[in-house]
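If you read the sequences in order, they're chains R and E.
Going by the working numbering, the first sequence opens with residue 1, and the numbers climb by one from there.
Going by the working numbering, the second sequence opens with residue 1, and the numbers climb by one from there.
Number of protein chains: 2
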Amino acid sequence: METRGGTPNHRAKITINDVARLANVSKKTVSRVINESPLVRQETREKVKAIIAEHGYAPDPQARALAFRRSFLVGMIYDNPSPQYVVNMQRGILDVLADTSFQLVLHPCERSEENFRQKIHTFVSQQKPLGVILPPSVSEDDALAEMLEELGCDYVRIASVELDKPSRMVRTHDAEGAAQAARHLASLGHEKIAHIHGLSTFRSAHERLAGFKAGLKEHGLTLQKKWTVEGAYTFDSGVQCAEKLIYSDARPTAIFTGNDEMAVGAYQAVRKAGLQVPEDISIVGFDDTPMASRVWPPMTTVRLPIREMGRAAASLLLMEPVEKAAAELVSFTPEIVVRDSAAPPKKV
Amino acid sequence: METRGGTPNHRAKITINDVARLANVSKKTVSRVINESPLVRQETREKVKAIIAEHGYAPDPQARALAFRRSFLVGMIYDNPSPQYVVNMQRGILDVLADTSFQLVLHPCERSEENFRQKIHTFVSQQKPLGVILPPSVSEDDALAEMLEELGCDYVRIASVELDKPSRMVRTHDAEGAAQAARHLASLGHEKIAHIHGLSTFRSAHERLAGFKAGLKEHGLTLQKKWTVEGAYTFDSGVQCAEKLIYSDARPTAIFTGNDEMAVGAYQAVRKAGLQVPEDISIVGFDDTPMASRVWPPMTTVRLPIREMGRAAASLLLMEPVEKAAAELVSFTPEIVVRDSAAPPKKV
DNA sequence: CTGAAAGCGCTTACAG
DNA sequence: CTGAAAGCGCTTACAG
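1. Quick check: the Cα distance between Ala232(E) and Ala194(E), rounded to an integer number of angstroms?
2. In its own chain, which residues sit with a C-beta less than 8 Å from the C-beta of Val337(E), not counting the 5 before and 5 after it?
3. If you measure from the beta carbon of Phe256(R) to each beta carbon in chain E, is any gap under 8 Å?
4. Compare the beta carbon distance of Glu230(E) and Val161(E) with 8 Å and say whether it is the shorter of the two.
5. Just to confirm my understanding: we take Thr7(E), look at its own chain, exclude 5 residues before and 5 after, and list those with CB closer than 7 Å. What are they?
6. Can you find the residues in the same chain that come closer than 8 Å, C-beta to C-beta, to Arg354(R), ignoring five residues on each side of it along the sequence?
7. Just to make sure I have the definition right: I need the residues of chain E whose C-beta is within less than 7 Å of the C-beta of Ser71(R). Which are they?
8. Can the beta-carbon of Arg311(E) be found less than 8 Å from the beta-carbon of Asp154(E)?
9. Closer than 7 Å by beta-carbon distance: list the chain E residues that pair up with Leu39(R), in chain order.
10. On the three-state DSSP scale, how would you describe Leu329(R)?
11. Classify Glu149(R) as buried or exposed, calling it buried when 16 or more other Cβ atoms lie within 10 Å of its own Cβ.
12. Could one say the Cβ of Pro108(E) lies closer than 8 Å to chain R's Cβ atoms, at least one of them?
13. Any idea if Pro38(E) is buried or exposed, counting beta-carbon neighbours within 10 angstroms, 16 or more meaning buried?
14. Does DSSP put Ala342(R) in a helix, in a strand, or in coil?
15. What does Tyr267(R) touch in chain E if you count any residue whose Cβ is under 9 Å from its own?
16. Would Pro311(R) count as contacting chain E if we go by Cβ distances under 8 Å?
17. Does the beta carbon of Met303(R) sit closer than 8 Å to a beta carbon anywhere in chain E?
18. Check distances from the C-beta atoms of the region 230-252 of chain E to those of chain R and list, in chain order, the residues that come in under 8 Å.
19. How about Arg271(R): is its C-beta nearer than 8 Å to some C-beta of chain E?
20. The region 176-201 of chain R: which residues have C-beta closer than 9 Å to a C-beta of chain E, in chain order?
21. Hey, does Met89(R) have any beta-carbon neighbour from chain E nearer than 8 Å?
22. How about Met291(R): is its C-beta nearer than 8 Å to some C-beta of chain E?
23. Should Arg85(R) go down as buried or exposed, given a rule of 16 or more other Cβ atoms within 10 Å for buried?
24. Quick one: Cα of Ser315(E) to Cα of Leu329(E), how far?
25. Does Pro135(E) have its Cβ less than 8 Å from a Cβ in chain R?
26. If Val277(E) and Ser331(E) are in contact, beta carbons under 8 Å, what's the gap, nearest whole angstrom?
27. For the candidate residues Thr253(E), Ile255(E), Met262(E), whose alpha-carbon lies nearest to that of Val239(E)?
28. Quick one: what's got a C-beta closer than 7 Å to Lys119(E)'s C-beta in the same chain, skipping five residues either side?
29. By the criterion of Cβ-Cβ separation under 7 Å, what are the contact partners of Gln127(E) in chain R?
30. Could you tell me the distance, in whole angstroms, from the CA atom of Lys27(R) to the CA atom of Ser112(E)?
31. Consider the Cβ of Pro83(R): report whether some Cβ of chain E lies at a distance smaller than 8 Å.
32. Which of the three DSSP states, helix, strand or coil, is assigned to Ile196(E)?
33. DSSP three-state call for Glu335(R): helix, strand or coil?
34. Who does Ser282(R) pair with in a DSSP beta bridge?
35. Can you tell me which of Val295(E), Asp249(E), Asn259(E) puts its alpha carbon nearest to the alpha carbon of Arg271(E)?
36. Leaving out the 5 sequence neighbours to the left and right, which residues in its chain are closer than 7 Å to Asn80(R) when beta-carbon positions are compared?
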């Protein structure tokens, strides 16, 4: 683009003052149009909008942030150990933010760190995000929610139990999902069924355990203590826990794990032991991350629509206060996806 | 915390003015201390720093952004289809940003979209990030780099070829990594070797292909055209391309794929065909994403230290201009990780 | 329905 | 080495 008459080559960015001048109104009126205030005459609004469109004006987010005392950022604060979960959730949030002027900023954390809440406090009070999205397990930290409330920072908690009011929750019915896994294994004829659950610091671990027990009970089965082991929602812990079960005196014929990462770990343990999935041991996971369909044999798992959950959470954050007050609880019920990793037990 | 005398319950946030008053200097001097200007007397600096520490003052990023005309954000603009790659890179970037006042904001994109550069233009001119990090394949878009240059937005390109000056590049020697894969397969005794490469729109696909050919040549082998197929760096494309090879007249005994995602796809195709990895077909991947060690048999692959690459990219962005001018090219040479997915071919 | 003034919390440009 | 003034581009609080 050529420039003349000594004007600098950088086409100076147009500001609210330019728009006001061109539209022959005050900058406050332009501000009202930008912020969709109803207190603008229709005619005036159109005139201003025309100028804005013509010159491609876009208000400066940093300036608005300073004046609003609130930035145009949405935070995702997470400690979830599964990369697939994290990426899917990011995608869901971004689906919703894409059409807005909000940006997604990432804030991973470690709940075990001593100053974990302090760091979030700093993050939130510095960045002043519109709100933050909390997937499990950070979502389950009531003290954190309280702190955010005090800071005046909006949040949405994604969790397997109803921890907060509807406008601040995306609920997943993990117990029901786990029950489906139990019914599936029971109806295949399994009786020696084990469960590798996630870290007890995760509410979801309890929900899934409870749901699984309930599902077994429907079939007259009980989850035995020797077949209930605690993992850490990681691949390695899946391997170790599964090995514990495989090399125990009473080897189970089926294992339900608290997430797919651990299920894949169980696959590996079974293989290392020279056994086959599902011939020797059936495995059912939880999450339906992409990996579930990529392992061999393709994994039967309980599907949680993580990306959609991310969308739901972001949508809640963007809602007007009036809508929020009227919001009903958004919840997702997982569904079992039957693939090939669970089959009837071998006849003894 | 109790408050008295009618002061509002929200402890008013301390500003630069408060610090200036308390330290008995002008706010400009406080500003100099914050920005580590050398033009402050040692004594003054210490006095100001003491006040800052005492009151836990932290400058407001939004206000600084407005005055600086530059925000405290670092963007990651990516179109990489592998979730593992994306998460690892994020982690690397965050490792470096953690100790700074910079935040990571995500900007996924689609190079195939007509207005893909336009969207980035809007993102950058609105958010005014300190800089953006471009992993492949967006990193390979010269027109994009030029646009960022014109916008005055710093960037770091992560790529398998030297596309830019050292301060703007993190280079990976993909060709050498692919050559190692070739040497490995050749030395196992394979001759019927196939390659599923990534999208031709990715420079890395060419580099890996070229390197692989070069490696084979060292062993007197040539990559045949019928055994060279193009995938899309996705799992599904890996399945399809591998099936094409498996059901062709001349079935290869080994397949090297352009990334791990496609390698896992190839695993699946082999399994579906009732064949075994590595007994019937050896497979070697590229990237060493976590999945590589989780599949069965554990995958031989070429390791690219993605998280470290993210760290290197972020570090470059944070460098002072003087350091940058003196920066030498940062490069990473991949190394083959031998696991169990490649073995000598069956005797015919 | 509209606007002039003051302010958000910093930095730049200039002066000393 | 230090500071008073002006400004970054918006919005809030108030007035009309």
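Backbone N, C-alpha and C fix where the C-beta goes; we use that ideal spot for every residue, glycine too.
Let me spell this out:
1. 16 Å
2. Asp288, Ala292, Thr300, Thr301, Val302, Arg303
3. no
4. no
5. Low confidence applies to Thr7(E): its pLDDT is 35, below 50, so where it sits in the model is not reliable, and the reading given next is rough at best. Correct list: empty, nothing qualifies.
6. Chain R is shown only over 1 to 348; residue 354(R) falls outside these bounds and no answer can be derived.
7. Gln62
8. no
9. Near Leu39(R) there are no residues of chain E at all, since even the closest Cβ is about 26 Å away, more than 7 Å.
10. coil
11. exposed
12. yes
13. exposed
14. coil
15. Arg294, Val295, Trp296
16. The amino acid occupying residue 311(R) in the given sequence is Arg; Pro does not appear at that position. No, Arg311(R) does not count as interfacial toward chain E.
17. Going by the sequence as given, residue 303(R) is Arg instead of Met. Arg303(R) does not count as touching chain E.
18. Phe235
19. yes
20. none
21. no
22. yes
23. The sequence as given places Tyr at residue 85(R); Arg does not occur at that position. The residue is buried, with at least 16 neighbouring Cβ atoms inside 10 Å.
24. 13 Å
25. no
26. That belief does not hold up - the Cβ atoms of Val277(E) and Ser331(E) are roughly 32 Å apart, past 8 Å.
27. Met262(E)
28. Cys109
29. Pro61, Gln103
30. 39 Å
31. yes
32. strand
33. strand
34. Ala254(R)
35. Val295(E)
36. Val86, Pro135, Pro136
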